[in-house]
Structures are given as C-alpha cells and as structure tokens.
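Below is one structure, written out as structure tokens; the observations come after it.
In my numbering, the protein residues as written are 11 to 353.
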C-alpha cells in the first residue's frame, strides 16, 4: 500500500503499480566539510533494480492508470537520451505494454548514445522528428498506427509529468517527511531537483506542504522555458490537487502553499539543453567524492545550484538524486547499434 493510501485511505482507489522502493537519505559529509553547509542526499537513483531515478516513481501511477483504462501500448516522447523514454521502455515492456517513443535530437554524448541503444534493446519503437513542435503531430500519427494494428494506446506525458505521474512525487515527499519524523535526517530548508518537465518539483511541493513542512523546492531549470515554466508547474499542481481532493476530500487544500514553496532557478540552463556547463562539470567531480554519479544535462546542474547556496545558509539542504545508478553494462553488451538517423 502507498503512503498516500495509508494517510488517506480513499487514495487506495488511485491505480498504482509497485515499481519502486523506499530510498535512503544520507549526509554528504565531504561536501558539507568543503562548503561549510549541512548537506544531504535523497538517493532516488536507487528507486528500483531494473532502473532507478525519478521516472520510476512517476511510472508507478502512470502505468497503473494505463492498465485501468485497458490500454496495451504506451506512446511517449523525449530527447534522444531521455531517461523518461528509457524508463518507460524498460518498465512498460516488463509489464506487457508495447512502447513507442517520438525522439528529438540533442547533443550526442556517450550517455545519450547508451540510452538510445538501451531503448532499442527492449524493443521500443523509436520515431525520429527533427524539432519539438513536430512531436505532438507525430505522437498522434504513431497512436493512430497502433490503433490500426489492434492496440489501445495510452499517451504518456513528456517526462511522465501528468497529474497521474506527479502523484509519484507526492508519495516521495510523504516518504521524506516520514524519514524526517523518525530522525533519519533533519528537515531541510530546501530540496534541490532538476526541472525538466516539472512533475518531480510539483509533486514534492504538494507532498511536503501536505505533511506540514515548510521546506522549499528549488527547481533548477534544464529545459527551455517553453517546455517548463511557472505556468506549466501551476497547471500540474492544480490538476494533481484536483485528482487528490476529488478522490480524498480530506486531503489538505495546499495548492497555494505548494506553489509558494517552489523556487525556480534559471541560472544553470547555460548554453541550452544538454550543452556544456563548467559549473555542472565541477559539481559532477565533487559529487563523485560522495559516491554519486551525475549527468551533465540534469542532476549536475541541480547539484551545482546546491553547492553555490551551501555557504549561504546555516540550515540543512538536500539534493534529490534523480538519475538512475543501476549498472546497464550487461544490457548494453547485447544492445543494437545506433540507428542511422542518430549517427
């Protein structure tokens, strides 16, 4: 049973698949010593053995909703190296769904190449488009093709950030609140997350506010403003709150508090999505001292923001590591080569 359902029994009616586990919170002792801060990490890189990261928590509710609707195929989208596309491919195929993804170019790196090949290794169908504006039309075309082949497709929002997916991080915030209450970590002044599609930040803000915590959610933007901005986050919070309170009217009315807790950080977007950033590169080196592996596009930028702020506050700060740390070496050894359009 989810923590949401434990706290609010009516939420047991919300469709859910058990994909993830409780992740630990740990002090970052070396970085605390170097910066003078009190720094912690929530190890969401360890959400599951198949693949970790924040997408797993979202997919618990997304795939549950797809099954409730009787769907047998998933259609989603992302950049070439999208962790969301990869997680959807891995867990979707494991739970019996056909998986199709519309993918958009980004700077090709070894990490991006690995994710593309891993998508193909589990049988995901990838459909290349050249620009983001072409994604919606292509997803409609792919969905129509699946219906023509006798499938019932379910459209998974970019990054898994629908009202269903956002519930995964309301659940994660309840988990963190429980860890604070039981003394596993102090209540942080702020949690730092990469802001890609917004569901992680929106869910954390709702769950923390509903738990009575005043922790801020510092969301470090890594995607263009057109993809995620204050308006898209406000819509996610409103839609998720509507789902929660419609199913469980006793769920606290925390829309305003949640929106007030989210602080957008734009200074680490750098040269663009997936582009080089010296501060992110340095953050990756320093995080490695704590045994954490970060990616240049998302988590390294969130860590860079935390390291900048650490000397400025006397209160604890927490980094949520949303990148999977599951070793995919064996799967990669058998994965197909890159498709021609990615070379």
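Where is the CB? At the ideal position from N, CA and C, for every residue including glycine.
Only a predicted model underlies this, so the values are computations on that prediction, with no experimental measurement involved.
Report all residues from its chain with a CB closer than 7 Å to the CB of residue i; omit the five preceding and five following residues, and keep chain order.
{"i": "residue 132", "result": "99, 100 and 103"}
{"i": "residue 351", "result": "138"}
{"i": "residue 302", "result": "51 and 331"}
{"i": "residue 117", "result": "284 and 285"}
{"i": "residue 296", "result": "41 and 317"}
{"i": "residue 210", "result": "64, 179, 203 and 332"}
{"i": "residue 309", "result": "204, 331, 332 and 333"}
{"i": "residue 232", "result": "204, 205, 206, 279, 283, 307, 308 and 311"}
{"i": "residue 335", "result": "55, 56, 62 and 303"}
{"i": "residue 149", "result": "85, 87, 112 and 165"}
{"i": "residue 272", "result": "211, 215, 227, 229 and 243"}
Need the endpoints of the beta strand (DSSP E) that residue i sits in, please.
{"i": "residue 328", "result": "327-330"}
{"i": "residue 110", "result": "108-114"}
{"i": "residue 205", "result": "200-205"}
{"i": "residue 163", "result": "163-165"}
{"i": "residue 138", "result": "135-138"}
{"i": "residue 228", "result": "226-231"}
{"i": "residue 49", "result": "49-52"}
{"i": "residue 36", "result": "35-37"}
In angstroms, rounded to a whole number, what distance separates the CA positions of residue i and residue j?
{"i": "residue 19", "j": "residue 127", "result": "41 Å"}
{"i": "residue 86", "j": "residue 24", "result": "22 Å"}
{"i": "residue 146", "j": "residue 346", "result": "27 Å"}
{"i": "residue 263", "j": "residue 114", "result": "38 Å"}
{"i": "residue 198", "j": "residue 49", "result": "9 Å"}
{"i": "residue 37", "j": "residue 51", "result": "6 Å"}
{"i": "residue 281", "j": "residue 156", "result": "37 Å"}
{"i": "residue 6", "j": "residue 196", "result": "Summary: the structure shown does not reach residue 6, with the chain confined to residues 11 through 353, and so no result is reported for it."}
{"i": "residue 111", "j": "residue 254", "result": "29 Å"}
{"i": "residue 64", "j": "residue 97", "result": "9 Å"}
{"i": "residue 165", "j": "residue 337", "result": "28 Å"}
{"i": "residue 322", "j": "residue 305", "result": "25 Å"}
{"i": "residue 222", "j": "residue 151", "result": "45 Å"}
{"i": "residue 136", "j": "residue 60", "result": "21 Å"}
{"i": "residue 326", "j": "residue 319", "result": "11 Å"}
{"i": "residue 290", "j": "residue 94", "result": "21 Å"}
{"i": "residue 229", "j": "residue 79", "result": "32 Å"}
{"i": "residue 21", "j": "residue 12", "result": "9 Å"}
{"i": "residue 257", "j": "residue 348", "result": "45 Å"}
{"i": "residue 193", "j": "residue 15", "result": "23 Å"}
{"i": "residue 266", "j": "residue 259", "result": "17 Å"}
{"i": "residue 225", "j": "residue 35", "result": "16 Å"}
{"i": "residue 239", "j": "residue 171", "result": "13 Å"}
By the three-class DSSP mapping on this structure, what secondary structure does residue i have?
{"i": "residue 88", "result": "strand"}
{"i": "residue 95", "result": "helix"}
{"i": "residue 83", "result": "strand"}
{"i": "residue 71", "result": "helix"}
{"i": "residue 42", "result": "helix"}
{"i": "residue 102", "result": "helix"}
{"i": "residue 15", "result": "helix"}
{"i": "residue 305", "result": "coil"}
{"i": "residue 169", "result": "helix"}
{"i": "residue 265", "result": "helix"}
{"i": "residue 316", "result": "helix"}
{"i": "residue 56", "result": "helix"}
{"i": "residue 337", "result": "coil"}
{"i": "residue 31", "result": "coil"}
{"i": "residue 321", "result": "helix"}
{"i": "residue 237", "result": "coil"}
{"i": "residue 24", "result": "coil"}
Alpha helix (DSSP H) containing residue i: first to last residue?
{"i": "residue 283", "result": "No alpha helix (DSSP H) contains residue 283, which DSSP labels as neither H nor E."}
{"i": "residue 124", "result": "120-131"}
{"i": "residue 345", "result": "That residue, residue 345, is in no alpha helix (DSSP H); it is neither H nor E in DSSP."}
{"i": "residue 295", "result": "288-298"}
{"i": "residue 185", "result": "173-191"}
{"i": "residue 153", "result": "145-158"}
{"i": "residue 247", "result": "240-257"}
{"i": "residue 1", "result": "Residue 1 is absent from the model: the chain starts at 11 and stops at 353."}
Near residue i, what residues of its chain come up, given a Cβ to Cβ distance below 8 Å and the 5 sequence neighbours on each side ignored?
{"i": "residue 269", "result": "215, 243, 244 and 247"}
{"i": "residue 74", "result": "24, 25, 26, 27 and 174"}
{"i": "residue 106", "result": "82"}
{"i": "residue 237", "result": "142, 168, 206 and 207"}
{"i": "residue 130", "result": "136, 345, 346 and 349"}
In the DSSP assignment, what residue or residues form a beta bridge with residue i?
{"i": "residue 274", "result": "229"}
Which residues in the same chain have their Cβ closer than 6 Å to the Cβ of residue i, if we skip the five residues on either side of it in sequence?
{"i": "residue 217", "result": "180, 183 and 184"}
{"i": "residue 177", "result": "71"}
{"i": "residue 56", "result": "33 and 62"}
{"i": "residue 275", "result": "228, 230 and 315"}
Taking Cβ positions only, does residue i come closer than 9 Å to chain D?
{"i": "residue 296", "result": "Note that chain D does not occur in the displayed structure, where there is just one protein chain."}
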